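In mature numbering (1 follows the signal peptide of the UniProt record, and there is no 0), the protein residues as written are -19 to -1, 1 to 162. To start, the structure under review is shown below, and the notes come after it.
As structure tokens, then:
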């Protein structure tokens, strides 16, 4: 049943043109309130992440590197898993020391709006707020084993003023656990 729901969601998702939603949330470690919308940055990169998923954790080093390499882009981690406690989430991301905020997605609102399915799952929006990529960070559920680096290649293209060579990539990882799951 979950596969059928996922297939229907992906089919519907592919038929729409998505724009960067205006959203807000508290950083899971500092509790600082953030509000996001289109920015003057070259791109906005939303990455759905998890405190317990080993697939998500295995991509954190690459996400750190990309956010440090592409300072002209806005990076935002999004935590939507309802089965992860506030304490374990705060501890994990404090230890991970990602150089960008990881906001709490209350009731998986943003995950539902964008159709995020797994962690890690990346969504890239251009300066106009148009979605130009969605999918996996890499072609592997274990970051260091990856052969293809979808997100990195998309960011390279945007930075070079080119159209991204990938529009979508398969997100491999742990399913986002929503409150109604």
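Even glycine gets a Cβ: it sits at the ideal position worked out from N, Cα and C. These figures come from a predicted structure and were not determined experimentally.
Exposure of residue i, with buried meaning 16 or more beta-carbon neighbours within 10 Å
{"i": "residue 52", "result": "exposed"}
{"i": "residue -11", "result": "In this predicted model, residue -11 has a pLDDT of only 47, less than 50, meaning its place in the structure is not dependable enough to derive any value."}
{"i": "residue 41", "result": "buried"}
{"i": "residue 16", "result": "exposed"}
{"i": "residue 55", "result": "buried"}
{"i": "residue 26", "result": "buried"}
{"i": "residue 80", "result": "exposed"}
{"i": "residue 86", "result": "buried"}
{"i": "residue 142", "result": "exposed"}
For residue i: DSSP bridge partner residues
{"i": "residue 112", "result": "106"}
{"i": "residue 4", "result": "17"}
{"i": "residue 149", "result": "115"}
Endpoints, the beta strand (DSSP E) within which residue i is located
{"i": "residue 174", "result": "Given that the chain is displayed from residue -19 to residue 162, the structure contains no residue 174 and the question cannot be resolved."}
Residue i - containing alpha helix (DSSP H), residue span
{"i": "residue 131", "result": "131 to 140"}
Query raised in the report: Which ranges does the alpha helix (DSSP H) cover as unbroken runs of at least 4 residues, wholly within the segment 23 to 107, from first to last along the chain?
Result: 35 to 38, 41 to 50, 67 to 77 and 90 to 95
Query raised in the report: Taking contact to mean at least 3 C-beta pairs separated by less than 8 Å, is the segment 111 to 126 in contact with the segment 146 to 156?
Result: yes
Query raised in the report: When the Cβ atoms of the segment 63 to 78 are set against those of the segment 95 to 106, are three or more pairs found closer than 8 Å?
Result: no
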